[in-house]
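So the sequence shown is numbered by my numbering: it starts at 43 and just counts up by one.
Glycine residues also receive a C-beta, built at the ideal position from the N, C-alpha and C atoms.
Everything on this sheet refers to the single structure shown next.
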Amino acid sequence: MMIRLKLYLLLFFIAVSIPLSFVIWRTYAGVAREEQAQLRYFAQTLFDDMEKELGELVRREENRAVDAYGAAQGHGVNGGDPSPLSRPAQEAYILGYLQNDPDGQMQTPLAAETVRPPERYQPIVDALQEVNRIFNRKKWALPGTPLPAAPALRAEQEAPVQTSS
């Protein structure tokens, strides 16, 4: 009698565990799908926010006058008012502002053409010069791109290339 009871209990637990394991498996699959949907939603929301901010940045920069990329704007006794770009960018993802001239030379509002930039801006100016060198290398590697005037090309070739490893 005891053996029979044990056998019935064993069959009962097996009979209950099969559907229960199916329910548990479906629950875990549903939780995984819900987690994936949440991650997809947050990623899409984050991407939309980034796209909106980038659109605003592009509109702002497209509306900026070319003169803003010089160290001073306008004309006057002291060369005009300082450019609004003559300070480091407030956005953490903007290194700084530069203008790449057709001959490959770079202008940045952080440094006047005749004056060495302030010591606190020197690392930013150095990084912008490296960005300009990389841009020029890629620009001149394009087919049909005319080579720059000799001084800019010579400066580009003589400039030491630093890579971070």
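CA-CA distance, residue i and residue j?
{"i": "residue 152", "j": "residue 88", "result": "32 angstroms"}
{"i": "residue 170", "j": "residue 67", "result": "55 angstroms"}
{"i": "residue 70", "j": "residue 78", "result": "12 angstroms"}
{"i": "residue 181", "j": "residue 187", "result": "7 angstroms"}
{"i": "residue 45", "j": "residue 63", "result": "26 angstroms"}
{"i": "residue 163", "j": "residue 73", "result": "51 angstroms"}
{"i": "residue 147", "j": "residue 83", "result": "45 angstroms"}
{"i": "residue 168", "j": "residue 161", "result": "11 angstroms"}
{"i": "residue 128", "j": "residue 176", "result": "23 angstroms"}
{"i": "residue 47", "j": "residue 53", "result": "10 angstroms"}
{"i": "residue 109", "j": "residue 166", "result": "20 angstroms"}
{"i": "residue 124", "j": "residue 131", "result": "15 angstroms"}
{"i": "residue 189", "j": "residue 100", "result": "29 angstroms"}
{"i": "residue 93", "j": "residue 80", "result": "20 angstroms"}
{"i": "residue 111", "j": "residue 91", "result": "28 angstroms"}
{"i": "residue 133", "j": "residue 185", "result": "35 angstroms"}
Within the same chain, show all residues whose beta-carbon is closer than 6 angstroms to that of residue i, passing over the 5 residues directly before and after it, in chain order.
{"i": "residue 118", "result": "Because the pLDDT of residue 118 is 44, which lies under 50, any placement of that residue in the model is unreliable, and the question is left without a value."}
{"i": "residue 61", "result": "none"}
Once you ignore the five residues that flank residue i on each side, which residues in its own chain have a CB closer than 8 angstroms to its CB?
{"i": "residue 59", "result": "none"}
Please name the residue or residues paired with residue i in a DSSP beta bridge.
{"i": "residue 87", "result": "Paired residue(s): none; residue 87 is not in a bridge."}
{"i": "residue 142", "result": "148"}
{"i": "residue 153", "result": "150"}
Enumerate in chain order the residues of its own chain whose CB-to-CB distance from residue i is below 7 angstroms, with the five nearest sequence positions on each side excluded.
{"i": "residue 159", "result": "152, 153 and 167"}
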